[in-house]
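Trainee:
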Amino acid sequence: MLIISALCIIAIAGIDQFIKMWVMSNMRLYEERDFLKIGNLDLMHLHYIENTGSAFSSFSGQRAFLLIITVIGVGICCYFLIKNRKEHKPLFQTSLTMILGGAIGNMIDRIFHGGAVVDYLDVQLFNFAIFNFADCFITVGTIILAIHILFFMEDDKNPNHKEVNHDNT
Numbered sequence: 279m280l281i282i283s284a285l286c287i288i289a290i291a292g293i294d295q296f297i298k299m300w301v302m303s304n305m306r307l308y309e310e311r312d313f314l315k316i317g318n319l320d321l322m323h324l325h326y327i328e329n330t331g332s333a334f335s336s337f338s339g340q341r342a343f344l345l346i347i348t349v350i351g352v353g354i355c356c357y358f359l360i361k362n363r364k365e366h367k368p369l370f371q372t373s374l375t376m377i378l379g380g381a382i383g384n385m386i387d388r389i390f391h392g393g394a395v396v397d398y399l400d401v402q403l404f405n406f407a408i409f410n411f412a413d414c415f416i417t418v419g420t421i422i423l424a425i426h427i428l429f430f431m432e433d434d435k436n437p438n439h440k441e442v443n444h445d446n447t
């Protein structure tokens, strides 16, 4: 599973960088284009911006801080992915793989684009932050991780924990 996770992480970060290179090569900064329309329903635009902050532009201009936090987060995710490589925890492994792929994609931007992350997906149905492919994987991976922790994580702290049989037969 670790090799599959590594390949998926590389694929997510690679696709993210490919899309960002396309956006930077084919659009001007702050340019906006129609992207996804169904009839008269305008769903999404491509809107090229460079975000020097994190989610919702928080911590704008704090390049070193954001890079340090990202490296720590990537390290923690790698640790748990490797530590649990032999256990069958597909939700846990999938979530960490998705988070790592997205985090590495955005970390590459921070390192090579002057501390800014290229964002380009602009949902038109409601007022929302402009985001990118990597952000989608970080968000969905985090949701899957929360589901795993809340509903499927074994009680590792209690070695005497046993399944209770509620069967009355």
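The opening residue of the sequence shown carries number 279 in this note's numbering; numbering runs sequentially from there.
Cβ coordinates follow ideal geometry from the N, Cα and C atoms, glycine included.
(1) By the DSSP assignment, the beta strand (DSSP E) with Ile327 in it spans what residues?
(2) Could you tell me which residues DSSP puts in a beta bridge with Ile290?
(3) So, for Gly339: in the same chain, excluding its five sequence neighbours on each side, which residues have a beta-carbon less than 8 Å away from its beta-carbon?
(4) Answer with buried or exposed for Asp312, where buried requires no fewer than 16 other C-beta atoms within 10 angstroms of its C-beta.
(5) Need the endpoints of the alpha helix (DSSP H) that Tyr398 sits in, please.
(6) Candidates Met376, Gly317 and Phe296: which alpha carbon is nearest Val418's?
(7) Quick one: grab the DSSP three-state call for Lys435.
Mentor: Taking the structure as given:
(1) Leu319 to Asn329
(2) DSSP output for Ile290 lists no bridge partner at all.
(3) Thr330, Gly331 and Gly393
(4) exposed
(5) No alpha helix (DSSP H) holds Tyr398; the beta strand (DSSP E) holding it covers Val395 to Val401.
(6) Met376
(7) For Lys435, the predicted structure reports a pLDDT of 48, less than 50, and the residue's modelled location is therefore unreliable. The matter cannot be settled from this model.
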